[in-house]
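Residue numbering for the sequence shown follows numbering that gives the first Met the number 0, starting at 0 and increasing by one per position.
By construction, the Cβ of each residue, glycine as well, lies at the ideal position given by its N, Cα and C atoms.
Only a predicted model underlies this, so the values are computations on that prediction, with no experimental measurement involved.
For reference, the structure discussed in these notes is given below.
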Amino acid sequence: MPAAVETPPVAAVPIRRRRLLSNPRIAIPAGVVLLVVLVAAMPRLFASADPRACDLADSGVGPASGHPFGFDIQGCDLYSNVVYGTRSSVTIGFTVTAGCVLIALVLGCLAAYYRGAVDAVVSRTMDIFFGFPALVGQVVILSTLHQRNVVVVSAVLILFAWPAMTRLMRSAALATVDLDFVKAARGLGAGPVRVIVRHVLPNSFAPILAVASLGIGGMITAESALTFLGVGLRAPSISWGVQLNQAQDSFRDHPHLLLFPSLFLSVTVLAFVMLGDALRDAFDPRSR
0 MPAAVETPPV AAVPIRRRRL LSNPRIAIPA GVVLLVVLVA AMPRLFASAD
50 PRACDLADSG VGPASGHPFG FDIQGCDLYS NVVYGTRSSV TIGFTVTAGC
100 VLIALVLGCL AAYYRGAVDA VVSRTMDIFF GFPALVGQVV ILSTLHQRNV
150 VVVSAVLILF AWPAMTRLMR SAALATVDLD FVKAARGLGA GPVRVIVRHV
200 LPNSFAPILA VASLGIGGMI TAESALTFLG VGLRAPSISW GVQLNQAQDS
250 FRDHPHLLLF PSLFLSVTVL AFVMLGDALR DAFDPRSR
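Structure, rendered in structure tokens:
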């Protein structure tokens, strides 16, 4: 009599999620990331002062009672500016990463499923972008634009950041397309869209999920670097990069202008990077 086929318990997925959340390597950076997202979404909960209310009489004054980070060169409360600056920096990080993930899912799956000419076009296009220095291209494009807001900076970053995720997605999808259940679905007459959406995509998405967290941290750093160089966001926009750009000429006399924005930036990027590393190890079968 053939042995009964064992099916996984219904509670297996929730148990696995609880195990992931109980892992300190995931729980701690995830908590920091959630806090940063909350600050970006509702900055008024964390800073009561108006970041645009400035008094030149307080220019460069260090930390004082009621103003833990002191004031910037314009006499604005630095703590409020750092808190409100979280929104622009984090928004760009999430927007660029989401755009790159969307492009990677579409192009990676199409290249892996159809192969041939489609795969060749996608692969050669990626090679062109890989061979071009991204920072130079970003600086050149942004320097020619008169308006540099969150949308514009995000679009330029997406233009040069999508190939890395697309190559990863293509590799994962290529391994999935050759599996038996995908071949069976195609043999039963399922169309390309159904096969990709129902079978290829869900079984190839895990590597992208892990890399996405790393990408958010990288894009926040990229925005800050471009703004620091003077080609990213600019006043009256409020972001950590804008604050670092404004502090570069006076941080020797007023080190707090550089210290606090860079501290928030470093902690945020580190949290996203640590979360991405932990998720990558959790979803990597070779690490189990």
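With 16 other Cβ atoms within 10 Å as the buried cut-off, status of residue i
i	result
V139	exposed
G216	buried
R166	buried
L33	exposed
R285	Since pLDDT at R285 reaches only 47, below the 50 mark, its modelled position is unreliable, and no value is offered.
I127	exposed
V135	exposed
I203	In the sequence under discussion, the amino acid at residue 203 is Ser, which differs from the Ile named in the question. Flag for S203 reads buried.
F263	buried
M41	exposed
A221	buried
P28	buried
T143	exposed
F159	buried
V192	exposed
G84	buried
V120	exposed
Assigned secondary structure, residue i (DSSP; H/G/I helix, E/B strand, else coil)
i	result
F70	strand
D126	helix
D76	strand
A111	helix
A160	helix
A189	coil
A103	helix
A63	strand
L144	coil
R279	helix
D118	helix
H290	Missing from the structure shown is residue 290; the chain here goes from 0 to 287 and no further.
Other residues of its chain near residue i: CB distance less than 8 Å, five sequence neighbours each side excluded
i	result
L141	R147, V151, V152, V155, L225, V230 and G231
L257	L243, A246, Q247 and F250
V176	A111, Y112 and V199
Proximity below 9 Å, CB of residue i to CB of residue j
i	j	result
A103	M168	yes
S236	S87	yes
I71	D49	Note that residue 71 corresponds to Asp in the displayed sequence, not to Ile. The answer is no: Cβ separation not under 9 Å.
F259	F45	no
M164	I195	no
A39	T90	yes
A171	A205	yes
H255	P62	yes
A281	N80	no
V82	A270	no
Same chain only: Cβ atoms within 6 Å of residue i, ignoring 5 sequence neighbours per side
i	result
R24	A277
W161	C99 and I102
G214	T96
L173	A111
G186	none
D118	A110
7 Å CB neighbourhood of residue i in its chain, flanking five on each side removed
i	result
T267	V35 and I219
M125	P162, T165 and R166
S223	S88, W239, G240, L243 and L264
F180	H198
F93	I215
G74	C53, D54, L55, A56, D57 and S58
L106	V121 and T165
Residue-level contact to chain D via CB, residue i, 9 Å cutoff
i	result
F259	Judged by its chain identifiers, the structure shown contains no chain D, having just a single protein chain.
* To do: Write down every uninterrupted run of the alpha helix (DSSP H) in the region 168–249 whose length is 4 residues or greater and which is fully enclosed by it, in chain order.
  => If we require 4 residues or more, the alpha helix (DSSP H) runs fully inside the region 168–249 come out as 179–186, 191–194, 205–227 and 239–246.
* Output the residue ranges of the alpha helix (DSSP H) runs that lie fully inside the region 14–59 and measure 4 residues or longer, sorted by chain position. => 23–40
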